[in-house]
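Protein chains in written order, with this note's numbering: chain A, 1 to 165; chain B, 1 to 62.
Here's what the structure looks like:
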């Protein structure tokens, strides 16, 4: 096997948790997650040549993966726009969440696509400026969206927050 | 909601998803398919470019 391919597989292997977690955050069914995983691997491989090592591998993987997912979700939404939207019931998320990980999944699934990407990068510890560069939006847009998300979630998950405090 | 409270849960989620073994053959097949596609599309791209140049020069000359 070529050295470049070996290196690529080694990097993906070390960071597979990121790619799989992002696929699970955007897609519910296993088949869709697998499809998204393949698309991300393809995009990562295409941009592997141009990766200059100016950032961490994880940062590069987050940037490429999230942009691939956002573009994929946008395309699919345009394609199925005529079909009725099925919005999952979110009336009693508290009752569904047995632990913090479950609550995290519910919170993530509740968010809109771009907000979801911003929140994930925030949870990963990136600053607003870094998030804006990775998602190609302005820093003020990041901060506005984050504040809006926090307010929305505060209202939606009021009961659970009291348990957090 | 204090999003910071979800940071440990996100770390846990990442860790959980990194534990399953990765199918290296699957990764290889994806990237090799991409390589094959690039190789196959290069000659047709060149042919199209040459045809465009010929057509442009014909129309400019006429």
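Ideal placement from N, C-alpha and C gives every residue a C-beta, glycine not left out.
Given the structure is predicted, the values throughout are model-derived calculations rather than measurements.
Residue 44/B sits exposed, since fewer than 16 C-beta atoms from the chains shown fall within 10 Å of its C-beta.
For residue 13/B, the chain A residues whose C-beta falls within less than 7 Å of its own C-beta are 21, 101, 104, listed in chain order.
Inter-segment contact for the region 10-29 of chain B and the region 13-22 of chain A is present: three or more beta-carbon pairs are separated by less than 8 Å. With a cutoff of 8 Å on beta-carbon distance, residue 45/A and residue 8/A are scored as near each other.
Taken through DSSP and simplified to helix, strand or coil, residue 56/A comes out as coil. The region 66-79 of chain A and the region 137-154 of chain A do not touch, with fewer than three beta-carbon pairs separated by less than 8 Å. In the three-state reduction of the DSSP assignment, residue 31/A falls in the helix class. Neighbours of residue 18/B across chain A, judged by C-beta separation under 7 Å: 16, 17. Cα atoms of residue 52/B and residue 46/B: separation of roughly 10 Å, rounded to the nearest angstrom.
Contact check for residue 30/A against residue 36/A fails: the beta carbons are separated by 8 Å or more. In terms of Cα proximity to residue 135/A, the closest of 67/A, 123/A, 40/A, 78/A is 67/A.
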